[in-house]
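Top line first, the protein sequences correspond to chains A and B. If you read the first sequence in our numbering, its first letter stands for residue 1, the second for the next number, and so on. If you read the second sequence in our numbering, its first letter stands for residue 1, the second for the next number, and so on. Take a look at the structure below.
Number of protein chains: 2
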Amino acid sequence: MPRRAGLTAQKVVELGLSVVDDAGLDGLSLARVAEAAGVATPSLYKHVAGLPDLRERVARVVLAELTDRVREAVIGVSGDDAVRALMHAYRSYLVEFPNRAALLVSPPAATEPGEDLLAVVLAVLRGYRLEGSEAIHAARVLRSSVHGFASLEAAGGFGYREDLDESFRRLAVIVTTGLRTGAGLP
Amino acid sequence: MPRRAGLTAQKVVELGLSVVDDAGLDGLSLARVAEAAGVATPSLYKHVAGLPDLRERVARVVLAELTDRVREAVIGVSGDDAVRALMHAYRSYLVEFPNRAALLVSPPAATEPGEDLLAVVLAVLRGYRLEGSEAIHAARVLRSSVHGFASLEAAGGFGYREDLDESFRRLAVIVTTGLRTGAGLP
DNA sequence: GCCGCTAGGCTAACGTTCTTAGCCCAGCGC
DNA sequence: GCGCTGGGCTAAGAACGTTAGCCTAGCGGC
Numbered sequence: 001m002p003r004r005a006g007l008t009a010q011k012v013v014e015l016g017l018s019v020v021d022d023a024g025l026d027g028l029s030l031a032r033v034a035e036a037a038g039v040a041t042p043s044l045y046k047h048v049a050g051l052p053d054l055r056e057r058v059a060r061v062v063l064a065e066l067t068d069r070v071r072e073a074v075i076g077v078s079g080d081d082a083v084r085a086l087m088h089a090y091r092s093y094l095v096e097f098p099n100r101a102a103l104l105v106s107p108p109a110a111t112e113p114g115e116d117l118l119a120v121v122l123a124v125l126r127g128y129r130l131e132g133s134e135a136i137h138a139a140r141v142l143r144s145s146v147h148g149f150a151s152l153e154a155a156g157g158f159g160y161r162e163d164l165d166e167s168f169r170r171l172a173v174i175v176t177t178g179l180r181t182g183a184g185l186p
Numbered sequence: 001m002p003r004r005a006g007l008t009a010q011k012v013v014e015l016g017l018s019v020v021d022d023a024g025l026d027g028l029s030l031a032r033v034a035e036a037a038g039v040a041t042p043s044l045y046k047h048v049a050g051l052p053d054l055r056e057r058v059a060r061v062v063l064a065e066l067t068d069r070v071r072e073a074v075i076g077v078s079g080d081d082a083v084r085a086l087m088h089a090y091r092s093y094l095v096e097f098p099n100r101a102a103l104l105v106s107p108p109a110a111t112e113p114g115e116d117l118l119a120v121v122l123a124v125l126r127g128y129r130l131e132g133s134e135a136i137h138a139a140r141v142l143r144s145s146v147h148g149f150a151s152l153e154a155a156g157g158f159g160y161r162e163d164l165d166e167s168f169r170r171l172a173v174i175v176t177t178g179l180r181t182g183a184g185l186p
């Protein structure tokens, strides 16, 4: 164990992320992160401003990771295929890391970094020739659907043993069909 | 101030609910509830088993309230009207009490009490002649959509100034159309 | 090679919160 | 009037977040 642990803000956030994965958002404490880092709790204050700051940073990383996944998933596809790929990537991320779902509905995830994700969604929707306000409304429909499904699934919010993949497939069909045919337009 | 405060578990939970409304789920602490009740913190343990128990009870009450609202909203209507009424009631509840959204994705809200809400959703879907597995999948689609929209709205997750009512209206049209026309069925 | 600065660790200490243990009395039933 | 019990209390301890202040490893300049 070196006298200097060589921590950085980034490493602290990464450890925070793994604590969230292990123990849930409620389990994210400076004490646990410090233990994982092999460091005394107050030492973390050299890298982050406190627990709220850590939570915010972790939320930003999660949103950025999710955005990257989604962005990669829609490269080279368009139209219904792109929407399906986007939805699948979003859901897969939360299936893989269910404890991170709670971080996606919080102020930091809701504002600036969220704009990158929105940009990806809007890009996908250009395949439907949607622009301006139309595209914003459509983006909200799309994100609501996939976020709702993935959040409820991550929280274990679906009882019954019916196949979740099948439910999600139907959601995707309904959303793609609705967006493609312009359902809901004035 | 009477020597006996005359607390009950129900009153403790109600105070917990108002603390959540004022200060968010993170702000829910036994200390605050005790203060609101005019009582010392340990006294609460005569009525609830601790903070996790209080959170669970509050979550159950919220889900029950939401279910009641939704149930009332769909009385006497059917088909698309019923689905729209259900979605509107769900969203309105979270617009009125945004801090309660976080309680709807948690184990207690996800299991038994959630079945009552599911039952209402399934009843509404009978207007589409959906039964058995078909109805379960459709219920998931419906709940995902409305829950996702309402959660993101409650968290302030929608930037841009486009009219949220209009976005929600389009979501409703897409969902009702999709369910009515059987989109997504094999 | 030495000197000093600073980044990054530490300990000490405090306030808040949850929780348990145990006391004590108000008020009801007999 | 007497005793039981439910529902309050205080005391105390553990965990956590946070602040203050110290101390030194290790680098850059001379």
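For each residue, glycine too, the CB sits at the ideal point set by N, CA and C.
Exercise. Use the C-beta contact count for ARG140(B): other C-beta atoms within 10 angstroms, 16 or more gives buried, fewer gives exposed.
Key: The count along the second sequence starts at 1 and reaches residue 140(B) at position 140. Classification for ARG140(B): buried.
Quiz item: Taking Cβ-Cβ distances below 7 Å as the criterion, which residues of the region 69-82 of chain A are in contact with chain B?
Solution: none
Quiz item: Taking just the CA atoms, how far does TYR128(A) sit from GLU14(B)?
Solution: Working through the second sequence from its first residue, we reach residue 14(B) at position 14. Working through the first sequence from its first residue, we reach residue 128(A) at position 128. Between GLU14(B) and TYR128(A), the C-alpha separation is close to 48 Å.
Quiz prompt | VAL105(B) and ALA89(B) closer than 8 Å at C-beta | solution = If you number the second sequence from 1, residue 105(B) lands on position 105. If you number the second sequence from 1, residue 89(B) lands on position 89. Judged by beta-carbon spacing, ALA89(B) lies beyond the 8 Å limit of VAL105(B), meaning their Cβ atoms are not closer than that value.
Quiz prompt | Proximal chain A residues relative to GLU115(B), where beta-carbon distance stays under 8 Å | solution = Position 115 of the second sequence holds residue 115(B). Ordered by position in chain A, the residues that pass the 8 Å Cβ test against GLU115(B) are GLY159.
Practice problem: Scan the region 88-148 of chain B and note each continuous alpha helix (DSSP H) run of 4 residues or more that stays entirely inside, going in chain order. | Solution: Complete alpha helix (DSSP H) runs here, min 4: 107-110 and 112-125.
Quiz item: Are the C-beta atoms of GLY148(A) and some chain B residue less than 8 Å apart?
Solution: Position 148 of the first sequence, counted from the start, is the residue given in the question as residue 148(A). Cβ-Cβ to chain B under 8 Å: yes for GLY148(A).
Quiz item: Does the Cβ-Cβ distance between ARG100(B) and VAL146(B) come in under 8 Å?
Solution: Residue mapping note: residue 100(B) aligns to position 100 of the second sequence, counting from 1. Residue mapping note: residue 146(B) aligns to position 146 of the second sequence, counting from 1. Going by C-beta atoms, ARG100(B) is not nearer than 8 Å to VAL146(B).
Quiz item: Among residues of its own chain, excluding the 5 on either side of ALA183(B), which ones have a beta-carbon nearer than 8 Å to its beta-carbon?
Solution: Counting from one through the second sequence, the residue named residue 183(B) turns up at place 183. THR177.
Quiz item: GLU96(B) to ARG180(A), Cα distance in whole Å?
Solution: Translated into positions along the second sequence, residue 96(B) becomes position 96. Translated into positions along the first sequence, residue 180(A) becomes position 180. Roughly 33 Å between the two C-alpha positions.
Quiz item: So what's TYR160(A) in DSSP terms, helix, strand or just coil?
Solution: The count along the first sequence starts at 1 and reaches residue 160(A) at position 160. Three-state DSSP puts TYR160(A) in coil, outside helix and strand.
Quiz item: What number of angstroms, rounded off, separates the C-alpha of MET1(A) from the C-alpha of GLY24(A)?
Solution: The count along the first sequence starts at 1 and reaches residue 1(A) at position 1. The count along the first sequence starts at 1 and reaches residue 24(A) at position 24. Low confidence applies here, because MET1(A) scores a pLDDT of 42, under 50, leaving its location unreliable and the question unanswered by this model.
Quiz item: Using a C-beta cutoff of 8 Å, does GLU56(A) count as contacting chain B?
Solution: In the first sequence, residue 56(A) corresponds to position 56, counting from 1. Cβ-Cβ to chain B under 8 Å: no for GLU56(A).
Exercise. Would you mind stating whether LEU117(A) and LEU66(A) have Cβ atoms separated by less than 8 Å?
Key: Here residue 117(A) corresponds to residue number 117 of the first sequence, with the count starting at 1. Here residue 66(A) corresponds to residue number 66 of the first sequence, with the count starting at 1. Their beta carbons are under 8 Å apart, which means LEU117(A) touches LEU66(A) by this criterion.
Self-check item: Best match in GLY156(A), VAL62(A) and THR8(A) for proximity to VAL39(A) [C-alpha to C-alpha]
Solution: In the first sequence, counting from the first residue as 1, residue 39(A) sits at position 39. Ranking the options by Cα distance to VAL39(A), first place goes to THR8(A).
Quiz item: Between which two residues does the alpha helix (DSSP H) harbouring PRO42(A) extend?
Solution: In the first sequence, the residue the question calls residue 42(A) occupies position 42. Unbroken run through PRO42(A): none, as it is neither H nor E.
Practice problem: Rounded to whole angstroms, what's the CA-CA distance from GLY159(A) to HIS137(B)? Just pull it up for me. | Solution: To locate residue 159(A), count along the first sequence from 1; it is residue 159. To locate residue 137(B), count along the second sequence from 1; it is residue 137. Straight-line spacing of the CA atoms in GLY159(A) and HIS137(B) works out to 11 Å.
Quiz item: Do VAL175(A) and VAL83(A) come within 8 Å of each other at the CB atom, strictly closer than that value?
Solution: The sequence position of residue 83(A) within the first sequence is 83, counting from 1. The sequence position of residue 175(A) within the first sequence is 175, counting from 1. Going by C-beta atoms, VAL83(A) is nearer than 8 Å to VAL175(A).
Exercise. State the Cα-Cα distance for the pair ALA155(B) and GLY6(B), rounded to the nearest angstrom.
Key: Reading the second sequence from its first residue, position 155 is the one you call residue 155(B). Reading the second sequence from its first residue, position 6 is the one you call residue 6(B). Going by the C-alpha atoms only, they are around 36 Å apart.
Quiz item: So which residues on chain A does SER151(B) lean against when the C-beta distance must stay under 9 Å?
Solution: Residue numbering aside, residue 151(B) sits at position 151 when the second sequence is read from its first letter. Per Cβ cutoff of 9 Å: VAL105, SER144, HIS147, GLY148 and SER151.
Practice problem: Going by CA-CA distance only, name the one from LEU130(A), GLU56(A), LEU171(A) and GLY27(A) that's closest to GLN10(A). | Solution: As a first step, residue 10(A) is located in the first sequence; it is residue number 10 there, counting from the start. Nearest C-alpha to GLN10(A): GLU56(A).
Quiz item: Which value, in whole angstroms, describes the spacing of the CA atoms of LEU54(A) and ASP80(B)?
Solution: The residue you call residue 54(A) lines up with position 54 of the first sequence. The residue you call residue 80(B) lines up with position 80 of the second sequence. Cα to Cα, LEU54(A) sits roughly 45 Å from ASP80(B).
Quiz item: What three-state label does DSSP hand ILE75(A) in the structure shown?
Solution: Taking the first residue of the first sequence as 1, we reach residue 75(A) at position 75. It is coil, neither helix nor strand.
Self-check item: ARG170(B) classed as buried or exposed, judged by whether at least 16 other C-beta atoms fall within 10 angstroms
Solution: The residue labelled residue 170(B) in the question sits at position 170 within the second sequence. When all chains shown are included, ARG170(B) counts as buried.
Quiz item: GLU162(B) CB to nearest chain A CB: under 8 Å?
Solution: In the second sequence, counting from the first residue as 1, residue 162(B) sits at position 162. Judged by the 8 Å Cβ criterion, GLU162(B) is in contact with chain A.
Quiz prompt | LEU28(B) to PRO42(A) span [Cα, whole Å] | solution = As a position in the second sequence, residue 28(B) is number 28, starting the count at 1. As a position in the first sequence, residue 42(A) is number 42, starting the count at 1. Whole-angstrom Cα-Cα distance: 26 Å.
Practice problem: State buried or exposed for ALA119(B), treating a residue as buried only when at least 16 other CB atoms are found within 10 Å of its CB. | Solution: Start at 1 with the first residue of the second sequence, and residue 119(B) comes out as number 119. Exposed is the call here.
Exercise. Tell me whether TYR45(A) is buried or exposed, calling it buried when 16 or more other Cβ atoms sit within 10 Å of its Cβ.
Key: Start at 1 with the first residue of the first sequence, and residue 45(A) comes out as number 45. Classification of TYR45(A): exposed, given that the 10 Å Cβ count is below 16.
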